[in-house]
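All remarks here apply to the structure that follows.
Numbering (my numbering), first residue to last: 27 to 472.
Dropping the structure here:
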């Protein structure tokens with residue numbers, strides 16, 4: 027695949043790196059000479075061009091109409107939209123743009139399709155809201171994803187000091203639920219789980235189970251896991267307000283704190299819902315949080331818009347022993363500090379947007395592709411009637427860097443070891459690290 031990316035900022039460069047490492051031909055365009063020079067020192071196999079992505083002449087010069095994928099992710103909505111329209115007019119078959127304006131998106135959605143003839147629009151802020159909403163389903167799980175039309179759940183759970191799974195091999199962990207540990211995350215590294223993998227406190231485990239057993243499967247990793255019913259949000263920007271509205275629509279109680287008085291008043295006017303309490307709180311202190319009732323919440327989300335203020339609020343929230351503390355960070359370099367301060371989960375809006383683009387742009391052949399964390403992807407495939415896998419043994423059927431986690435057959439969730447061979451109509455959920463997703467395309471992509 028040949029991809030042309032307009033914009034060498036964080037989203038564009040992350041996309042370029044992922045696609046280049048998967049063996050695709052990538053060209054990145056930007057007008058900022060210094061930024062391009064900085065990117066060139068990274069050593070990626072990416073061609074960089076100093077050009078204007080909104081210029082029909084520059085796009086034509088760099089063969090925008092001949093690429094397989096055209097992505098515009100500059101800081102300007104207008105530039106991205108114009109660039110995609112020009113690329114489409116020149117013949118580009120697939121165009122995608124980063125657009126922050128929420129008016130382009132259906133209510134409750136963080137992407138829009140076939141808008142103005144552009145295949146995909148994605149908002150970093152709304153993508154972050156979607157990831158946060160997923161993480162706030164169950165306290166003890168920092169992310170929950172659904173597969174197989176909602177029948178199969180995949181949760182990223184935290185291992186605590188009193189976890190029954192801690193210091194026990196995966197193969198001997200006590201569990202009453204029909205569930206499987208598919209991956210272990212430790213110190214920023216991803217490991218596909220084996221029966222001998224031994225979780226430690228502080229690790230995160232990726233667990234697959236039937237949706238009806240989700241809460242109990244999470245409790246087997248974190249005994250304090252429970253439904254999140256009351257959430258405190260620090261920061262009434264676009265992310266905070268949108269998240270509060272979505273959670274309230276799902277029956278959650280919300281406490282929204284904002285340091286700026288004018289913004290707090292504006293949020294209170296927009297969020298006209300009895301289940302949402304908007305408070306003007308000049309500083310994020312432990313005392314102020316207690317007075318606001320934050321200590322009675324099941325989860326805390328800090329999205330102040332400034333990474334330092336966000337982390338300071340998380341520090342105070344962690345002292346209140348809320349149980350689930352999430353931070354929205356704009357700069358990745360703060361991630362290690364966030365983890366050291368007791369933050370349970372981190373959401374980066376720009377990377378959330380990039381993940382949405384990758385999910386729909388790469389030729390894996392999967393029905394659904396979701397980035398669980400950087401370096402770990404979950405892919406859903408349906409075994410077609412004419413698939414070469416029909417009747418083949420489950421064992422040793424997939425490439426290196428991948429792991430068959432679950433199969434949904436006739437509505438029932440089954441795990442490897444419970445079935446011997448693939449059957450037509452099976453829905454397979456596979457975890458992949460490294461370049462595993464691309465290798466899977468040749469086996470399962472069909």
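Where is the CB? At the ideal position from N, CA and C, for every residue including glycine. A quick note: this is a predicted structure, and the numbers were derived from the prediction, not measured.
- Residue 145 is bridged by DSSP to nothing; it lacks a bridge partner.
- By the criterion of at least three beta-carbon pairs nearer than 8 angstroms, the segment 222 to 230 is not in contact with the segment 278 to 290.
- A direct Cα-Cα distance of roughly 30 angstroms separates residue 395 from residue 75.
- In this structure residue 319 is in contact with residue 281, their Cβ atoms being roughly 6 angstroms apart against a cut-off of 8 angstroms.
- In the DSSP secondary-structure assignment, residue 94 is not bridged to any residue.
- DSSP places residue 131 in the coil class of the three-state scheme, outside both helix and strand.
- Cβ-Cβ separation between residue 439 and residue 204: approximately 7 angstroms, consistent with a contact (criterion under 8 angstroms).
- Assigned with DSSP and collapsed to three states, residue 32 falls in strand.
- If you draw a 10 Å sphere on the C-beta of residue 443, you find fewer than 16 other C-beta atoms in it, and that means exposed.
- Of the candidates 53, 370, 65, 62, 53 places its Cα closest to the Cα of residue 73.
- Ranked by how close their Cα comes to the Cα of residue 94, the residues 50, 126, 470 have 50 in first place.
- The closest CA to that of residue 111, considering only 140, 87, 470, is found on 140.
- The three-state reading of DSSP puts residue 220 in coil, since its state is none of H, G, I, E or B.
- The Cβ atoms of residue 367 and residue 466 lie no closer than 8 angstroms to each other.
- When C-beta atoms of the segment 229 to 237 are compared with those of the segment 307 to 315, fewer than three pairs fall below 8 angstroms, so the two segments do not count as touching.
- Comparing C-alpha distances from residue 113 to each of 457, 47, 433, 32 shows the shortest one belongs to 32.
- Secondary structure at residue 321: helix, using DSSP grouped into helix, strand and coil.
- Per the coordinates, the alpha-carbon of residue 468 lies some 34 angstroms from the alpha-carbon of residue 159.
- According to the DSSP secondary-structure assignment, residue 371 is paired through a beta bridge with 352.
- Residue 201 carries a coil assignment under DSSP once its states are collapsed to helix, strand and coil.
- DSSP places residue 469 in the uninterrupted alpha helix (DSSP H) bounded by 462 to 470.
- If you ignore the 5 residues before and after residue 254, its C-beta comes within less than 8 angstroms of the C-beta of 162, 163, 164, 165, 278, 324, 325, 350, all in its own chain and listed in chain order.
- Of the residues assessed, residue 106 falls on the buried side of the cut-off, its CB having 16 or more other CB atoms within 10 angstroms.
- When DSSP reads this structure, residue 305 sits in a beta bridge with 283.
- Short of 7 angstroms from the beta carbon of residue 311, and not among the five residues preceding or following it, lie these beta carbons of its own chain, in chain order: 342.
- Here the alpha carbons of residue 261 and residue 314 stand approximately 14 angstroms from one another.
- Here residue 198 is exposed: its Cβ has fewer than 16 other Cβ atoms, across all protein chains shown, within 10 Å.
- Along the segment 38 to 124, the alpha helix (DSSP H) occurs as fully enclosed runs of 4 or more residues at 59 to 66, 82 to 87, 103 to 115, listed in sequence order.
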